[in-house]
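Here's the structure we're looking at; comments come further down.
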Amino acid sequence: MRTETVSFRSEGSTVEGDIYLPDDPGIRLPHAAVVLAQGFTGTRTVLVPAYAAQFAHAGVAALTFDYRGFGGSDGERHRLLPAEQIDDIRNAITYMTTRPDIDGNRIALWGTSFGAAHAMYVGGVDTRVRAVVAQAGFGDGAQLLFDSRTEPERRALTDAIDHNRRCRVRGEPEARVDPAEILHTAQARAFSAVMLQQLPELACELSWQTAEKTLEYRPIDVVARMAPRALLLIAAADDDLCRADRLQAVFQAANEPKRFLVIDTEHAGLYAPDQLLTTARAAVDFFHAHL
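Using our numbering, the first residue of the sequence shown is number 1, and each one after it goes up by one.
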């Protein structure tokens, strides 16, 4: 496997990424490829490189990249809106089609957590995507943010969103919020604390507009449009953020060919070495079957 740092333009900004290329001389060119989409406030240097390496070693070229506003990419710092990250993923696909070493007719998406929702959405609307693997994702942003909240907490969330919406139109400073407070669950807070202790450079605060647009975000509405292209959904059985039963509903809304895999762990447990290998191998098998 060899890697190179690349860049491409996305809606007026320069996006930075890394491409992982198979180096086995027995693998035919051009390569099948997968674009990887990381989770909430994540960057391309955290968690996803291990998956990209697994895919490249299996003969599938892999592109990781930083969304606009994060990591090495340009753009307003820490602006996180689903629709804009979706545009970045689609521009990443376009970039891959410009490379002579990539087969533009054999491109897949792989996403985890928030990125899994993006992968499902893009797979539903962009017919260039031949297969999608989405792990620990969600189909309905309102469920994502409301499931873990009591009714008073839900009102507090929508009140904060409404207040900051008014601030924006009046040109007044907006309040910022810790990403873990938006996601709200015990597992999200614990995982965030561990990651920030290990990688303090990941610390950021978000606009309440992130929560506003997440509440409106529904990949489940387009997932049926993926067929006859293939979908693999991977759920963590004890996930308190992207619940397995909610992801099962997305699976039921999708059409064949599709597969649903449940791993006996919680949200962050999917990134433990053994589980990472299990899910990466499942993804590799799926790519080999459908690309």
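Think of the CB as a built atom: it goes at the ideal place given N, C-alpha and C, for glycine as much as any other residue.
Asked, Found
"Residue 54, buried or exposed, once every other Cβ within 10 Å from all chains shown has been counted against 16", "buried"
"Residue 116 to residue 167 span [Cα, whole Å]", "31 angstroms"
"Beta-carbon spacing of residue 293, residue 211 below 8 angstroms", "Residue 293 cannot be examined here, being either before or after the span of the chain that is shown, 1 to 291."
"Opening and closing residue of the alpha helix (DSSP H) in which residue 164 lies", "151-170"
"Residue(s) in a DSSP beta bridge with residue 20", "3, 62"
"The region 178-195 in contact with the region 116-131 per 3-pair CB rule at 8 angstroms", "no"
"Residue from 220, 216, 81, 40 with nearest C-alpha to residue 158", "216"
"Per-residue DSSP class, three states only, for residue 277", "helix"
"Exposure label - residue 97; buried when at least 16 CB within 10 Å", "exposed"
"For residue 70 and residue 77, the rounded distance between their alpha carbons", "6 angstroms"
"Residue 111, DSSP secondary structure in three states", "strand"
"Member of 171, 272, 148, 22 whose CA lies at the smallest distance from the CA of residue 63", "22"
"Residue 277 classed as buried or exposed, judged by whether at least 16 other C-beta atoms fall within 10 angstroms", "exposed"
"Length of the line joining the Cα atoms of residue 284 and residue 230", "13 angstroms"
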